[in-house]
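Those letters in the sequence shown? Residues 380 to 897, per the numbering used here, in order. This report concerns only the one structure given below.
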Amino acid sequence: GGSGGAGGEANRVIEIGGDDDFAAFGDPGAAPAAASATAAPVTTIALGGGAAEQEFAALTASPPPAAAAGVGGVRTFALFGRVESKVAVDTHRENRFEDIFDWRNELRLGIDARFDERTAMRLSMQSLYQFRSGFENQYDWETNLFEAYLDRRQGGWDWRAGKQIVSWGRADAINPTDNLNPQDYREIVTIGHDDRKIPITMVRGGRPLAGGTLDALYIPFFEPNKFDIVGADYAVLGPGWLPAEWERLFIKLGENFHRRRLTFGETSPFRVDEPERSLTNGEAGARWTSHWRRFDYSLSFLSTYSDWPVIRLDPTVLTRFDLRGSDTRRFLEDAEVSDLLRLRRIFSMRFPRQSIYGADFETLSGPYTIRGEAALTFDHPYYHADFSPVGKPQLSYVVGGDRQLPFHFYTNVQLLQTVILRYDSDILARRVTTGMTATLRRAFFEDRLHLQANTLYYFRDNDYFLNLQAAYDLADDLDVALGVNLFQGSRDASLADTASLSRFNNNDHFYTRLLYHF
380 GGSGGAGGEA NRVIEIGGDD DFAAFGDPGA APAAASATAA PVTTIALGGG
430 AAEQEFAALT ASPPPAAAAG VGGVRTFALF GRVESKVAVD THRENRFEDI
480 FDWRNELRLG IDARFDERTA MRLSMQSLYQ FRSGFENQYD WETNLFEAYL
530 DRRQGGWDWR AGKQIVSWGR ADAINPTDNL NPQDYREIVT IGHDDRKIPI
580 TMVRGGRPLA GGTLDALYIP FFEPNKFDIV GADYAVLGPG WLPAEWERLF
630 IKLGENFHRR RLTFGETSPF RVDEPERSLT NGEAGARWTS HWRRFDYSLS
680 FLSTYSDWPV IRLDPTVLTR FDLRGSDTRR FLEDAEVSDL LRLRRIFSMR
730 FPRQSIYGAD FETLSGPYTI RGEAALTFDH PYYHADFSPV GKPQLSYVVG
780 GDRQLPFHFY TNVQLLQTVI LRYDSDILAR RVTTGMTATL RRAFFEDRLH
830 LQANTLYYFR DNDYFLNLQA AYDLADDLDV ALGVNLFQGS RDASLADTAS
880 LSRFNNNDHF YTRLLYHF
């Protein structure tokens, strides 16, 4: 969709004391103001406008942690925000459980503050309201603290501490090395990659090292992805996808389970075994970025937990029915629903520890920008045919590029592949999964009308997600969009095959979106 912040109207400025040093605000690389160290401090408040939006984009795009430090002797405060309303209507109804109408509203409000040349702060909140109609009317409302962090330049390090978003990798939208922030998958790929990210508490430090830049971080408390288990069109165990006996099981459990949206973490037949919340049990990583000739590149390492859980029968069920983990599939296929309803917990979810080694690069070759990214993950969770989990090494990589085409068209194409190493023949997922992404867009009418097509395609089963959108900038800070999202996939794909898009076959929909930012 359109953005529009860069060319917007100037900020409305209120100054309290001192001279006009506001020129450097919004430009982290600007030279300090000429005022002496003893000059009277200036307090500047910016309300909306282009500079505040540029600052918002720059800070969330993973800059050096203290890049937002204020100029000498100047205190600045910038208010920013965005309001987005999106209405989606299914192209057709395929089963009685799916939603036909979806109205999603999001509000973000925040303030950026700079106290001196070495100290800055961001504080923001997010509110979501969603109404869905189909099998039943459902209303969801939540308000969260979004980003909340402090920047400080001290001792040769640029520090950032608090709830924040950090992005690693150089590929477009699909980044094997970017495993720091959990994501909100309740709408999966219909929400933009950056908008899905959930800020988490971490301490991050950056400094020059060996001709490059070191970015090190520590995450004290684990936070998983946010997703729906049942009761929603994009649920992991969604309606219209499960085999008949599983559909019967999950419909009857909990008084027609599919009637209520059950988000991961709620009280349910799923017991959550999250890692212990202690400082000695955190996640840590580092990324070193440098440059060689025409290549920008980085190397990274991350010790973390999988943001997706491994699902298996709860230990209480194994004990009660004298089962082993390998008996999971047989038990669920043979069990009577009446027996399961007497159990307080049926499944448990745990998050395995992982080590991820990554690398990425970017270079120019004539009119092309070439990017590549790869990650080697140890103990990535998969399932055997009997539904018992197993951890395997996994190699994932993306390589592609973009360029401007004749007649002002822009295109981006990427090849992506995942390979399971030390593969077992009875693992449900395929050993090699190959796909691609492609983007084509063009702007018209002095860059006010934007037409674009985006696709994610997997070769083996002809699975794809296709987005077609037309967006128009009504003003520099207001745009409206119309589009359609289409899913297609093989119904023969395994439930445990995470690359399959077939489970969302029922979710084709038209949508309209209104976005205002300031």
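Where a beta carbon is used, it is the ideal one built from N, C-alpha and C, also for glycine.
>> Can you give me the C-alpha to C-alpha distance between A445 and R583, rounded to a whole angstrom?
In response: Here residue 445 refers to the residue found at position 66 when the sequence shown is read from its first residue. Here residue 583 refers to the residue found at position 204 when the sequence shown is read from its first residue. Per-residue confidence for A445 stands at a pLDDT of 45, beneath the threshold of 50, marking its modelled position as unreliable; no derived number is given.
> Which first and last residues belong to the beta strand (DSSP E) in which F494 is found?
Replying inline: Within the sequence shown, the letter at position 115 stands for residue 494. Residues F480 to D495.
> Thinking C-alpha only, which one of I598, D573, G548 and Y564 is nearest K605?
Replying inline: As a first step, residue 605 is located in the sequence shown; it is residue number 226 there, counting from the start. Closest option to K605, Cα to Cα, is Y564.
>> According to DSSP, simplified to helix, strand and coil, what is F786?
In response: Here residue 786 refers to the residue found at position 407 when the sequence shown is read from its first residue. Three-state result, F786: helix.
>> Among the candidates G814, A854, F897 and A849, whose CA atom is the shortest distance from the CA of G868?
In response: The residue given as residue 868 occupies position 489 in the sequence shown. The shortest Cα separation from G868 among G814, A854, F897 and A849 belongs to G814.
> Near T797, which residues of its chain fall below 6 Å by C-beta distance, leaving aside the five closest residues on each side in sequence?
Replying inline: As a first step, residue 797 must be located in the sequence shown, where it is residue number 418. Correct list, in chain order: S775 and T812.
>> Quick check on DSSP: helix, strand or coil for V811?
In response: Position 432 of the sequence shown, counted from the first residue, corresponds to residue 811. Of the three classes helix, strand and coil, the one that applies to V811 here is strand, per DSSP.
> So, helix, strand or coil for S546, using DSSP?
Replying inline: What you label residue 546 is simply residue 167 of the sequence shown in a count that begins at 1. Here S546 sits in coil by DSSP.
>> For R820, which residues in the same chain have their Cβ closer than 7 Å to its Cβ, ignoring the five residues on either side in sequence?
In response: Numbered from its first residue, the sequence shown carries residue 820 at position 441. Result list for R820: Y789, H829, L830 and Q831, in chain order.
> How long is the line joining the alpha carbons of F730 and I598, rounded to whole angstroms?
Replying inline: Counting from 1 along the sequence shown, the entry for residue 730 is found at position 351. Counting from 1 along the sequence shown, the entry for residue 598 is found at position 219. Using only the alpha carbons, I get a separation of about 15 Å.
> For R575, which of helix, strand or coil comes out of DSSP?
Replying inline: As a working mapping, residue 575 is identified with position 196 in the sequence shown. Residue state, collapsed to three classes: helix.
> Taking the continuous beta strand (DSSP E) assigned at L524, which residues delimit it?
Replying inline: Against the sequence shown, residue 524 aligns to sequence position 145. That run of the beta strand (DSSP E) goes Q517 to Q533.
>> I'd like to know if the segment 674 to 683 and the segment 650 to 666 are in contact, where contact means that at least 3 CB-CB pairs between them fall below 8 Å.
In response: yes
> Would you call D551 buried or exposed, if buried means 16 or more other Cβ atoms sit within 10 Å of its Cβ?
Replying inline: Here residue 551 corresponds to residue number 172 of the sequence shown, with the count starting at 1. Answer is buried; the Cβ neighbour count reaches 16.
> Per DSSP, what kind of secondary structure is N833 in: helix, strand or coil?
Replying inline: The residue you call residue 833 lines up with position 454 of the sequence shown. Three-state result, N833: strand.
> In the structure shown, what three-state DSSP assignment does P760 receive?
Replying inline: The sequence position of residue 760 within the sequence shown is 381, counting from 1. It is a strand residue.
> Can you give the Cα-Cα distance for L702 and F726, rounded to whole angstroms?
Replying inline: Working through the sequence shown from its first residue, we reach residue 702 at position 323. Working through the sequence shown from its first residue, we reach residue 726 at position 347. Using only the alpha carbons, I get a separation of about 13 Å.
>> Assuming E887 and N864 are in contact, meaning their beta carbons sit under 8 Å apart, how far apart are those beta carbons, in whole angstroms?
In response: Residue numbering aside, residue 887 sits at position 508 when the sequence shown is read from its first letter. Residue numbering aside, residue 864 sits at position 485 when the sequence shown is read from its first letter. Here the sequence assigns Asp to residue 887, which means Glu is not the residue at that position. Contact flag correct, Cβ pair sits at about 7 Å.
>> Quick check on the DSSP output: the beta strand (DSSP E) that includes L697 runs from which residue to which?
In response: Taking the first residue of the sequence shown as position 1, residue 697 is located at position 318. Per DSSP, L697 belongs to no beta strand (DSSP E); it is in the alpha helix (DSSP H), P694 to R699.
> Helix, strand or coil for N846 per DSSP?
Replying inline: Indexing the sequence shown from 1 puts residue 846 at position 467. DSSP places N846 in strand when its eight states are reduced to three.
>> Using only CA atoms, which one of S503, R532 and Y890 lies nearest to G460?
In response: Position 81 of the sequence shown, counting from 1, holds the residue named residue 460. The residue with the shortest Cα to Cα distance from G460 is S503.
> Which stretch, first to last residue, makes up the beta strand (DSSP E) that contains F710?
Replying inline: As a position in the sequence shown, residue 710 is number 331, starting the count at 1. Here F710 belongs to no beta strand (DSSP E); instead the alpha helix (DSSP H) covers T707 to D713.
> Which value, in whole angstroms, describes the spacing of the CA atoms of L596 and M581?
Replying inline: Walking along the sequence shown from the start, residue 596 turns up at place 217. Walking along the sequence shown from the start, residue 581 turns up at place 202. If I take the Cα positions, the gap works out to 7 Å.
>> Less than 7 Å between C-beta atoms, sequence neighbours within five positions excluded: which residues of the same chain meet that for R673?
In response: Your numbering for residue 673 matches position 294 in the sequence shown. So the qualifying residues of the chain are T742 and L743.
>> According to DSSP, P654 sits in a beta bridge with which residue or residues?
In response: Residue mapping note: residue 654 aligns to position 275 of the sequence shown, counting from 1. Answer is none; P654 lacks a bridge partner.
>> Once the 5 residues before and after A849 are set aside, which same chain residues still bring their CB inside 6 Å of it?
In response: Counting from 1 along the sequence shown, the entry for residue 849 is found at position 470. The answer, listed in chain order, is L830 and L861.
> If you run the structure through DSSP and keep just helix, strand and coil, what is G428?
Replying inline: One-based indexing of the sequence shown puts residue 428 at position 49. The predicted model places G428 with a pLDDT of 39, which falls under 50 and marks its position as unreliable; any figure quoted below should be read in that light. DSSP places G428 in helix when its eight states are reduced to three.
>> Quick check on the DSSP output: the beta strand (DSSP E) that includes V863 runs from which residue to which?
In response: Translated into positions along the sequence shown, residue 863 becomes position 484. From DSSP, the beta strand (DSSP E) with V863 extends over L857 to Q867.
> Which one of D530, N516, G585 and I570 has the shortest CA to CA distance from W536?
Replying inline: Translated into the one-based positions of the sequence shown, residue 536 becomes position 157. Of the candidates D530, N516, G585 and I570, the one whose C-alpha sits nearest the C-alpha of W536 is G585.
>> Taking the straight line between their C-alpha atoms, what separation do you get for Q533 and I735?
In response: On the sequence shown, position 154 is the one that residue 533 refers to. On the sequence shown, position 356 is the one that residue 735 refers to. So the two alpha carbons sit approximately 29 Å from each other.
> Would you report the Cα separation of L588 and W671, rounded to the nearest angstrom?
Replying inline: Locating residue 588 in the sequence shown gives position 209, where the first residue counts as 1. Locating residue 671 in the sequence shown gives position 292, where the first residue counts as 1. Rounded to whole angstroms, L588 to W671 spans 15 Å at the Cα level.
> Could you give the distance in angstroms between the alpha-carbon of G541 and the alpha-carbon of E463?
Replying inline: Position 162 of the sequence shown, counting from 1, holds the residue named residue 541. Position 84 of the sequence shown, counting from 1, holds the residue named residue 463. Computed Cα separation, rounded: 26 Å.
>> Please state the DSSP three-state secondary structure of N841.
In response: Your numbering for residue 841 matches position 462 in the sequence shown. Note: N841 maps to coil in three-state DSSP.
> In the structure shown, what three-state DSSP assignment does T580 receive?
Replying inline: Here residue 580 refers to the residue found at position 201 of the sequence shown. Strand, per DSSP.
> Helix or strand or just coil, what does DSSP make of F674?
Replying inline: As a first step, residue 674 is located in the sequence shown; it is residue number 295 there, counting from the start. Note: F674 maps to strand in three-state DSSP.
>> Using only CA atoms, which one of D557, F883, R724 and E496 lies nearest to T698?
In response: For the purposes of this step, residue 698 is taken as the residue at position 319 of the sequence shown. Nearest C-alpha to T698: R724.
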